[in-house]
Amino acid sequence: MACDKKPEPAHDKLEQPPAVGVSVEGLGKSYGDLEVFKDISFKVDPGEIFVLMGPSGSGKSVLLRQIVGLETPTAGGVTIDGHDAASEATREHVRLGLVFQAGALFNSLSVYDNLALYPREHRLGTEKDIRGKVMHALEILSLGNVAEKFPSDLSGGMKKRVAIARALVMQPQLLLYDEPTSELDPVMSATIDEIIATLKNEYHVTSIVVSHDRDLALNIADQVGILMDGRLIHIGPPADLHHPTVQGSAE
Amino acid sequence: MQLLLRSLSYAGTLPRQSARFMEQCYVIGYTTLPIVAILSFFIGSVLALQAGYSLQDFGSMQFIGSLVGLSMARELGPMMVSILLAGRVGSAITAELASMKVYQEVDALVTMNIPPARMLVLPRLAAVLFMMPVLTIIANIIGWYGGAIVCKYTGFISLDPQAYFATLRHYMKFKDVGDGLCKAEVFGFVVVLVCCNIGLNTRGGPREIGAAVTRAVVVSLILILVLDYFVTKVLI
Chain A
37 MACDKKPEPA HDKLEQPPAV GVSVEGLGKS YGDLEVFKDI SFKVDPGEIF
87 VLMGPSGSGK SVLLRQIVGL ETPTAGGVTI DGHDAASEAT REHVRLGLVF
137 QAGALFNSLS VYDNLALYPR EHRLGTEKDI RGKVMHALEI LSLGNVAEKF
187 PSDLSGGMKK RVAIARALVM QPQLLLYDEP TSELDPVMSA TIDEIIATLK
237 NEYHVTSIVV SHDRDLALNI ADQVGILMDG RLIHIGPPAD LHHPTVQGSA
287 E
Chain B
3 MQLLLRSLSY AGTLPRQSAR FMEQCYVIGY TTLPIVAILS FFIGSVLALQ
53 AGYSLQDFGS MQFIGSLVGL SMARELGPMM VSILLAGRVG SAITAELASM
103 KVYQEVDALV TMNIPPARML VLPRLAAVLF MMPVLTIIAN IIGWYGGAIV
153 CKYTGFISLD PQAYFATLRH YMKFKDVGDG LCKAEVFGFV VVLVCCNIGL
203 NTRGGPREIG AAVTRAVVVS LILILVLDYF VTKVLI
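Below, the structure is given as structure tokens:
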């Protein structure tokens with residue numbers, strides 16, 4: 037499933053809104069007696085790529101859910117562009133996307149309708165405009181031939197790519213990825229890295245990426261955070277990953 | 003209650019959700035119609051049979067029409083349609099929404115700033131309000147004819163359909179049918195709201211989806227029976 041197209045996001049028809057910054061302050065989350073993480077603080081500047089690494093079960097995905105306001109933290113808080121992430125009004129002000137680890141595609145809709153849902157619901161252009169944007173996003177991810185298929189007809193990797201294409205169509209100001217390159221072959225992983233980087237360089241989209249992929253962090257990150265045992269044990273530039281202490285934690 | 007208020011707050015978006023509304027009308031109305039027709043025919047038939055058996059000693063066979071007519075219109079029509087709705091449509095709604103919740107489709111909607119109450123609940127509530135009277139009227143009519151056929155072809159009753167329908171018309175008022183339709187609207191609305199609410203609050207995996215469906219149907223049936231008493235008391 038090689039992709040030889042230059043990744044150009046589907047943002048050519050509508051003006052890209054400005055990027056937003058994210059501030060996480062003393063964030064903590066517990067489920068009953070189970071403490072997932074505590075006292076997490078970091079800042080992501082507008083247009084920056086922050087890669088969050090850590091072992092499985094360290095709470096990376098839970099942290100993403102706090103940032104997009106899907107769950108309420110037990111301590112601290114998250115602000116996006118100065119607005120409380122847990123508030124519904126934030127989603128009115130800020131266009132944010134989340135690429136879920138399993139895709140979270142709408143199984144009752146075709147791939148095309150999955151991508152067209154957001155612009156249709158928010159009335160972002162005519163049906164012809166929407167079709168152009170959707171097909172363009174699908175082509176970037178080498179998915180032009182699956183537009184009429186349903187998610188149940190797709191492999192895990194294809195579902196992941198459709199989820200990324202769906203996020204591209206949204207023209208997000210803040211885009212969060214939960215393991216975007218898992219289940220993808222190396223060529224497609226490299227393409228996803230390029231897309232994330234292009235969104236930053238050309239459209240100034242702020243990205244927070246949860247990943248185990250050290251190469252992804254080294255290639256595209258502005259900042260890398262390492263989450264372990266419920267603590268953010270390191271934040272710094274990706275070059276720090278070459279440092280023996282940090283390298284050991286990242287591995 | 004929170005889900006109801008949130009759904010109603012998006013009522014203005016209903017005209018542009020006409021495709022979803024029509025789809026739900028099809029699911030709630032058209033696909034439920036065959037089973038409603040079959041069951042209401044036999045309920046009307048059994049009512050006529052039991053009434054005939056009870057009234058034969060009193061020589062009051064002509065009242066079977068009014069008895070079947072009033073029972074169907076005021077009680078059994080709306081009750082039966084609502085129970086079928088809970089079992090057939092309510093369970094499907096809960097299963098669909100619960101799996102959407104468990105597999106993060108609902109979370110995806112929230113992050114896309116598409117409120118689930120607007121897209122998933124409102125069209126269903128509107129569709130059930132539109133289809134319940136239709137289904138109940140059809141159930142009533144089929145039940146009445148079921149009773150008429152049994153009265154004509156059962157030896158110990160042998161009541162002419164003209165006499166059957168004459169008493170049915172004479173003793174039934176428009177209010178009786180209207181009260182039944184009110185009940186159907188209340189029961190249908192509550193069933194869909196409960197099933198949506200339980201579906202959207204499901205956590206866990208496939209086992210929890212099954213448990214949510216069972217809970218939704220049981221709660222719906224209990225609410226139908228409890229509400230029936232109170233709504234009847236208000237309407238009488």
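Protein chains in written order, with the numbering used here: chain A, 37 to 287; chain B, 3 to 238.
Backbone N, C-alpha and C define an ideal beta-carbon position, used for all residues, glycine too.
This structure is a prediction, so every number in the text was calculated from the model and none was measured.
Using C-beta distances below 6 angstroms, list every residue in its chain close to residue i, excluding the 5 sequence neighbours before and after it, in chain order.
{"i": "ASP48 of chain A", "result": "Legend: pLDDT at ASP48 of chain A = 46, less than 50; position of this residue unreliable, value from coordinates given subsequently. Once the five neighbours on either side are set aside, ASP48 of chain A has no close Cβ partner at all."}
{"i": "LEU152 of chain B", "result": "The amino acid at residue 152 of chain B is misidentified as Leu; the sequence shows Val. Result list for VAL152 of chain B: SER47, ALA50, LEU51, in chain order."}
{"i": "ASP258 of chain A", "result": "GLU84, ILE85"}
{"i": "GLU44 of chain A", "result": "Caution is warranted here: a pLDDT of 46 is assigned to GLU44 of chain A, below 50, making its placement in the model unreliable, and the coordinate value is therefore given only provisionally. Excluding sequence neighbours, GLU44 of chain A sits near nothing in its chain."}
{"i": "SER146 of chain A", "result": "GLU184, PHE186"}
{"i": "PRO163 of chain B", "result": "ALA150, LYS154"}
{"i": "ALA122 of chain A", "result": "GLY105, THR108"}
{"i": "ALA38 of chain A", "result": "Low per-residue confidence applies at ALA38 of chain A: pLDDT is 42, beneath 50, and the placement is therefore not dependable, though the value from the model is reported in the following sentence. So the qualifying residues of the chain are VAL223."}
{"i": "ASN150 of chain A", "result": "LEU141, PHE142, ARG202"}
{"i": "LYS177 of chain B", "result": "none"}
{"i": "LEU69 of chain B", "result": "ALA53"}
{"i": "GLY192 of chain A", "result": "GLU219"}
{"i": "ARG8 of chain B", "result": "ALA119"}
{"i": "ALA165 of chain B", "result": "GLN64"}
{"i": "ILE166 of chain A", "result": "ALA152, PRO155"}
Which residues share a DSSP beta bridge with residue i?
{"i": "ARG267 of chain A", "result": "A:MET264"}
{"i": "GLU61 of chain A", "result": "A:GLY113"}
{"i": "THR242 of chain A", "result": "A:LEU210"}
{"i": "MET89 of chain A", "result": "A:ILE262"}
{"i": "ASP75 of chain A", "result": "BP columns for ASP75 of chain A are empty, so no partner."}
{"i": "GLY133 of chain A", "result": "A:LEU211"}
{"i": "TYR120 of chain A", "result": "One detail in the question is off: residue 120 of chain A reads as Asp in this sequence, not Tyr. DSSP output for ASP120 of chain A lists A:THR115 as bridge partner(s)."}
{"i": "ILE78 of chain B", "result": "The sequence shown places Leu at residue 78 of chain B, rather than the Ile named in the question. LEU78 of chain B is not bridged to any residue."}
{"i": "SER66 of chain A", "result": "A:GLU71"}
{"i": "VAL311 of chain A", "result": "Because chain A in this structure spans residues 37 to 287, residue 311 of chain A falls outside the shown range and cannot be described."}
{"i": "GLY272 of chain A", "result": "A:VAL260"}
Starting from residue i, find everything on chain B with Cβ-Cβ shorter than 9 angstroms and list it in chain order.
{"i": "GLU128 of chain A", "result": "ASN115"}
By the criterion of Cβ-Cβ separation under 8 angstroms, what are the contact partners of residue i in chain A?
{"i": "TYR105 of chain B", "result": "ALA138, ALA140, ASN143"}
List the residues of chain A that residue i touches, going by C-beta distances under 7 angstroms, in chain order.
{"i": "VAL112 of chain B", "result": "LEU106"}
Contact defined as beta carbons within less than 8 angstroms: I believe residue i pairs with residue j. What is the distance between those atoms, to the nearest angstrom?
{"i": "GLY62 of chain A", "j": "ASP75 of chain A", "result": "6 angstroms"}
{"i": "CYS198 of chain B", "j": "LEU5 of chain B", "result": "7 angstroms"}
{"i": "MET171 of chain A", "j": "GLY161 of chain A", "result": "Not quite, the Cβ-Cβ distance comes to about 13 angstroms (not below 8 angstroms), so this is no contact."}
{"i": "VAL137 of chain B", "j": "VAL83 of chain B", "result": "For the record, residue 137 of chain B in the displayed sequence is Leu; it is not Val. Right, their Cβ atoms sit about 5 angstroms apart."}
{"i": "VAL193 of chain B", "j": "GLY92 of chain B", "result": "5 angstroms"}
{"i": "GLU230 of chain A", "j": "GLN137 of chain A", "result": "Between GLN137 of chain A and GLU230 of chain A the Cβ distance is about 20 angstroms, and since that is not below 8 angstroms, they are no contact."}
{"i": "LEU254 of chain A", "j": "LEU268 of chain A", "result": "Between LEU268 of chain A and LEU254 of chain A the Cβ distance is about 19 angstroms, and since that is not below 8 angstroms, they are no contact."}
{"i": "ILE238 of chain B", "j": "ILE159 of chain B", "result": "Actually they are not in contact, since the Cβ atoms of ILE238 of chain B and ILE159 of chain B sit about 29 angstroms apart, beyond 8 angstroms."}
{"i": "VAL104 of chain B", "j": "ASN142 of chain B", "result": "Not quite, the Cβ-Cβ distance comes to about 39 angstroms (not below 8 angstroms), so this is no contact."}
{"i": "MET121 of chain B", "j": "LEU111 of chain B", "result": "7 angstroms"}
{"i": "TYR213 of chain A", "j": "VAL260 of chain A", "result": "At roughly 14 angstroms, the Cβ-Cβ gap does not stay under 8 angstroms, so TYR213 of chain A and VAL260 of chain A are not in contact."}
Spatial neighbours of residue i within its chain, please: C-beta separation below 8 angstroms, excluding the five flanking residues on both sides.
{"i": "HIS240 of chain A", "result": "GLN52, PRO54, ALA55, PRO82, GLY83"}
{"i": "LYS41 of chain A", "result": "No answer about LYS41 of chain A holds up, because its pLDDT of 46 lies below 50 and its placement is not dependable."}
{"i": "TYR208 of chain A", "result": "The question names Tyr, but residue 208 of chain A is Pro in the sequence shown. Hits under 8 angstroms: ARG131, LEU132, GLY133, VAL241."}
{"i": "GLY266 of chain A", "result": "GLU71, VAL72, PHE73, LYS74, SER94, GLY95"}
{"i": "MET174 of chain B", "result": "SER68, GLY71, LEU72, ALA75"}
{"i": "LEU86 of chain B", "result": "THR34, ILE37, VAL38, LEU41"}
{"i": "ASP43 of chain B", "result": "Looking at the sequence provided, one finds Phe at residue 43 of chain B rather than Asp. ILE144, GLY145, TYR147, GLY148."}
{"i": "ALA94 of chain B", "result": "VAL29"}
{"i": "ASP189 of chain A", "result": "VAL182"}
Counting only Cβ pairs nearer than 9 angstroms, list the residues of chain A close to residue i.
{"i": "ASP109 of chain B", "result": "ARG101, VAL104, LEU106, LEU134, PHE136, ALA140"}
I'd like to know whether the C-beta of residue i is nearer than 8 angstroms to at least one C-beta of chain C.
{"i": "MET194 of chain A", "result": "In the displayed structure, chain C is absent; the protein chains listed are A and B."}
Who are the Cβ neighbours of residue i in its own chain at under 7 angstroms, not counting the five residues just before and after it?
{"i": "LYS236 of chain A", "result": "GLY83, ILE85, SER243"}
{"i": "LEU214 of chain B", "result": "Just to set this straight, residue 214 of chain B is Ala in the shown sequence, not Leu. Excluding positions up to five away in sequence, the list reads THR96, ALA100, ILE200, GLY201, THR204."}
{"i": "VAL108 of chain B", "result": "MET102, PRO118, LEU202"}
{"i": "LEU50 of chain A", "result": "Unreliable placement is indicated for LEU50 of chain A, whose pLDDT of 45 sits below 50; the coordinate value is still reported in the next sentence. So the list reads LEU160, GLY161, GLN207, once near-sequence residues are dropped."}
{"i": "ALA275 of chain A", "result": "none"}
{"i": "VAL219 of chain B", "result": "ALA88, GLY89, GLY92, SER93"}
Checklist line | chain A contacts from the stretch 152-184 of chain B (Cβ-Cβ distance under 8 angstroms) | finding: Residues of the stretch 152-184 of chain B with a Cβ closer than 8 angstroms to any Cβ of chain A: none.
Note to self: For the stretch 145-158 of chain A, list every residue whose C-beta sits within 8 angstroms of some C-beta in chain B, in sequence order.
What the structure shows: In summary, the residues of the stretch 145-158 of chain A whose CB is separated from some CB of chain B by less than 8 angstroms are LEU153, TYR154, GLU157, HIS158, in the order they occur in the chain.
Note to self: Using a Cβ-Cβ cutoff of 9 angstroms, what residues of the stretch 186-211 of chain A are near chain B? List them in chain order.
What the structure shows: From the stretch 186-211 of chain A, only ALA199, ARG202, MET206 have a Cβ closer than 9 angstroms to chain B.
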